[in-house]
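There are 2 protein chains.
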Amino acid sequence: MQSLEFQDDRLRLIDQTRLPHEVAYLDCRTAAEVAEAIASMRVRGAPAIGVAAAYGMALGAREAAQVLGGQADPERLAAALRTVAERLRRTRPTAVNLFWALERCLEVVGRASALGPAGVAEELRRLADQMAEADVRANQQMGQHGAALLPPRTNVLTHCNTGALATVGYGTALGVIRAAVEAGKRVHVFVDETRPFLQGARLTAWELQRLGIPMTLITDSMAGYFMARGQVDLVLVGADRIARNGDVANKIGTYTLAVLCRAHQLPCYVVAPTSTVDFELASGADIPIEQRNPEEVTHLNGQRIAPAGVQAAHPAFDVTPARLVSAIVTEAGVCRPPFELSLRQAVAIRQTETLPAEALP
Amino acid sequence: MQSLEFQDDRLRLIDQTRLPHEVAYLDCRTAAEVAEAIASMRVRGAPAIGVAAAYGMALGAREAAQVLGGQADPERLAAALRTVAERLRRTRPTAVNLFWALERCLEVVGRASALGPAGVAEELRRLADQMAEADVRANQQMGQHGAALLPPRTNVLTHCNTGALATVGYGTALGVIRAAVEAGKRVHVFVDETRPFLQGARLTAWELQRLGIPMTLITDSMAGYFMARGQVDLVLVGADRIARNGDVANKIGTYTLAVLCRAHQLPCYVVAPTSTVDFELASGADIPIEQRNPEEVTHLNGQRIAPAGVQAAHPAFDVTPARLVSAIVTEAGVCRPPFELSLRQAVAIRQTETLPAEALP
């Protein structure tokens, strides 16, 4: 299963707001439609929205070809595509993969704008395809590295959705679980429902069910109960942005799990590709936290659950300080503290495309 | 506002499953109807279900009068009422106030059974009335004692519902907030929505709105985020049962809040009447934890939110160890560690009906 696929003239997405009730597809034929799909979380998950945005840029270049004509001035073309990138950039502020992908797209635009709109569109499409393939490959590599951390029989607790739906395919934290199961380990998963958007109850439960991996769905408030009873061995989560010191922004509730892990002396592992690391940020204090519509808290499936007029807050992410993170599993290996060093090593390894499985540093 | 009221031949309850959408009343004319209302959480909150059960016993005695006739044999009458008590006892296992109330009712039955069914019904009605009045009075006393712990301007985080709805009137933890506001303190409340039953989003938000107390509704997973930002000064929660060492069983998620308080060096206060203390239990490990229907996790307002066939768990309570509890506010004063001593002192004071405000021990 892939969360998204480019077909001829459109980006076809699984509409994740409709799961688990139905597997509905959404076809985006314009960059604006891709931006809307990202903002409304029809496609979500840091790696998935990065690749979706790259395809959005390719669609934007095709639109530019129609508007500007086949022989557009390279400067005008580049300016038009910077506007498209800006539109895609404004959708969600926290996950850095989105910005990382758009920057790589704009580099291609800079290099290829002399080829004209059609040529640029072709190059952007090629780049997005490469990102999509690299994402699945990176997930499988993270799966291998991370699976080695899991005992032969284990109870894992996870939060939000980090599976095939959050990526192009396979998954990050859920990819580690899949790889462990494929390697013959016996894994049972506690799935946090992950209010308010219910990515755990709606998406992770659906993916695990399809994969035949045993699970127990719980509310976010139950994680501590099961840890205190000794029923959880470790926590595996993804990340939306990692500062260079190893502070991790991830779905709201992750920080609480990390605090609980420390209180119960359990490992808390973060699984994310190196594209999630933002070396420009010294610490998590600099990561912008998306504040979403509070109606996502006061309503559920369009039904009001709180009294009318009640004020609510909806920070969509929180920051887990590096001191509470046991390891960060990347496609280049397992990074251990101090993360400032090990994350740089992971990126260096990634860039030389040599991918040893041993731990870093 | 009172959560319940006895009128002529019926116990009239606010149906808490219908809030906040409508204020609907449920009339219980038999003990079985009261038992059903407790089991289905139409009336909930440890103090409220204790008093509701006592009125259920009074209704059961009236039914016995009809079945057994006005001059029933005292032994047969007592046996019939023990059966009624057993039916009420089986509704919910964790909150001890229920068992405490039923035991006091059976003591009255033992003393009064020679008066015949009508006389016993009258005595039980009188006892239930006394419990209801004592509950409101105890709440107001807890409010006074607890309010003294709050700074003049403060941000309190609370979980579940501990207001007038959870008691006969006024509230325990929410009563402390009310008393602080009535004393001129400026209190803003973070309200955990409290999945799966949403007592926070549905009931606490509704009560605070009616009282005009400023609040922000959050999901349970957001408490850590606001604590890390320094936006929470303290946590106030109720209790369903307290072991004699001070371990506290309360709504699922309370333990996690206590762990978060410790990590952020914030006070975690429990507010509960002495009837919540179970001196027969040495520690929280002995408190039975109600396992409710997992459909309350996989569904919301009758709507399925998780895929069909997914296994879920629904422990309705967790146990917070005494070492994470800063103080227990009772109607007899504020109990501090070691709780084994201070809780006994509180009960002794309660029994002599002298109620000094100073801290215990």
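Residue numbers (our numbering), protein chains in the order written: chain A, 16 to 376; chain B, 16 to 376.
Every residue gets a Cβ at the ideal spot worked out from N, C-alpha and C, and that includes glycine.
Given the structure is predicted, the values throughout are model-derived calculations rather than measurements.
Starting from residue i, follow the beta strand (DSSP E) in both directions and report where the run begins and ends.
i, result
"A:Q326", "No beta strand (DSSP E) contains A:Q326, which DSSP labels as neither H nor E."
"A:F205", "R201 to D207"
"A:T345", "A342 to T345"
"A:N154", "First-last for A:N154: G131 to A162, but that is the alpha helix (DSSP H), not the beta strand (DSSP E)."
Closest to residue i by CA distance: which of the options is it?
i, options, result
"B:L164", "B:D293, B:L142, B:E148 and B:V191", "B:V191"
"A:R25", "A:V66, A:L74 and A:P282", "A:L74"
"A:T231", "A:G84, A:H174, A:T345 and A:E122", "A:H174"
"A:V196", "A:L213, A:N170 and A:Q81", "A:N170"
"A:E310", "A:A80, A:G324, A:C350 and A:T345", "A:G324"
"B:F294", "B:R102, B:V111, B:A47 and B:G71", "B:V111"
"A:A87", "A:I53, A:A129, A:G125 and A:R107", "A:A129"
"A:P35", "A:D333, A:N176, A:T182 and A:A327", "A:N176"
"B:R57", "B:A47, B:L41, B:A69 and B:Y70", "B:L41"
"B:R244", "A:V334, A:S236 and A:A76", "A:V334"
"A:E51", "A:E37, A:L28 and A:V38", "A:L28"
"A:R193", "A:A216, A:N154, A:V183 and A:R59", "A:N154"
"B:V286", "B:L275, B:D262 and B:V274", "B:D262"
"A:R105", "A:E222, A:A47 and A:V204", "A:A47"
"B:V340", "B:I364, B:A258, B:H314 and B:Q360", "B:A258"
"B:R168", "B:I228, B:A347 and B:A133", "B:I228"
"B:D207", "B:E138, B:C43, B:T269 and B:A127", "B:T269"
"A:A188", "A:L223, A:R217, A:G199 and A:L213", "A:L223"
"A:V312", "B:L172, B:G215, B:T271 and B:R359", "B:G215"
What is the residue span of the alpha helix (DSSP H) that residue i lies within?
i, result
"B:I64", "A61 to L83"
"A:V196", "A188 to E197"
"B:I53", "A46 to A54"
"B:R168", "Run containing B:R168: none in the alpha helix (DSSP H); it sits in the beta strand (DSSP E), R168 to T173."
"B:N112", "V111 to A127"
"B:L19", "Note, B:L19: premise wrong, no alpha helix (DSSP H); beta strand (DSSP E) at L19 to Q22."
"B:A94", "P89 to R104"
"A:V58", "First-last for A:V58: undefined, no H or E at that position."
"B:T269", "T269 to A278"
Please list, in chain order, the chain B residues whose beta carbon lies closer than 9 angstroms to that of residue i.
i, result
"A:P35", "R319, I320, A321, P322, A323 and V325"
"A:L180", "Residues of chain B passing the Cβ test: none, with the nearest at roughly 13 angstroms."
What residues of chain B sit near residue i, judged by a beta carbon separation below 8 angstroms?
i, result
"A:Y270", "G239, Y240 and A243"
"A:R210", "E208, R210, T234, D235 and S236"
"A:I267", "T234, S236, M237 and Y240"
Is it buried or exposed, residue i, if we count other Cβ atoms within 10 angstroms and call 16 or more buried?
i, result
"A:E373", "Because the pLDDT at A:E373 is just 44, under 50, the model does not fix this residue reliably, and the value given afterwards should be weighed accordingly. A:E373 is exposed by the Cβ-count criterion."
"B:R210", "buried"
"B:A79", "buried"
"B:M157", "buried"
"B:L375", "For B:L375, the predicted model reports a pLDDT of 45, less than 50, meaning its position is unreliable; a value from the coordinates is still stated below. It counts as buried."
"A:D235", "buried"
"B:M16", "exposed"
"B:T369", "Its pLDDT being 41, under 50, B:T369 is placed unreliably by the model, and the measurement read from it follows with that caveat. The residue in question, B:T369, is exposed, as its Cβ has fewer than 16 Cβ neighbours within 10 Å."
"A:G125", "exposed"
"B:R59", "buried"
"B:T98", "exposed"
"A:Q81", "exposed"
"A:T367", "exposed"
"A:A166", "Sequence check: residue 166 of chain A is Pro here, not Ala. A:P166 is exposed by the Cβ-count criterion."
Mind checking who residue i pairs with in its DSSP beta bridge?
i, result
"B:L41", "B:L28"
"B:P330", "B:Q306"
"B:C283", "B:V250"
"A:D293", "A:A258"
"A:M237", "The partner list for A:M237 (beta bridge, DSSP) is empty, contrary to what the question assumes."
"B:V263", "B:I257 and B:T335"
"A:L232", "A:V206 and B:A327"
"A:Q224", "Partner(s): none; A:Q224 has no beta bridge."
"B:G178", "B:G186"
"B:Q318", "B:L315"
Please list the partners that residue i has in chain A, where partner means a Cβ-to-Cβ separation under 9 angstroms.
i, result
"B:R217", "I320, A321 and P322"
"B:N154", "Result: empty, since nearest Cβ-Cβ is about 22 angstroms, beyond 9 angstroms."
"B:D301", "Correct list: empty, because the minimum Cβ distance to chain A is about 14 angstroms."
"B:D333", "S236, M237, G239, Y240 and A243"
"B:V312", "E208, A216, L232, I233, T234 and M237"
Could you tell me which chain A residues have their CB closer than 8 angstroms to the CB of residue i, listed as they occur along the chain?
i, result
"B:Q224", "P322, G324 and V325"
CB of residue i to nearest heavy atom of the ligand MN: below 7 angstroms?
i, result
"A:H329", "As presented, the structure is devoid of all ligands, the ligand MN included, so that no description of it is given."
Can you pull the chain B neighbours of residue i, defined as C-beta to C-beta under 7 angstroms?
i, result
"A:L315", "L315"
"A:P282", "Those do not exist, as A:P282 stays about 17 angstroms from chain B at its closest Cβ, beyond 7 angstroms."
"A:T377", "Since the displayed chain A opens at 16 and closes at 376, residue 377 of chain A lies outside it and no answer follows."
Check the Cβ of residue i against every Cβ in chain A and list those closer than 7 angstroms, keeping chain order.
i, result
"B:L275", "T271 and V274"
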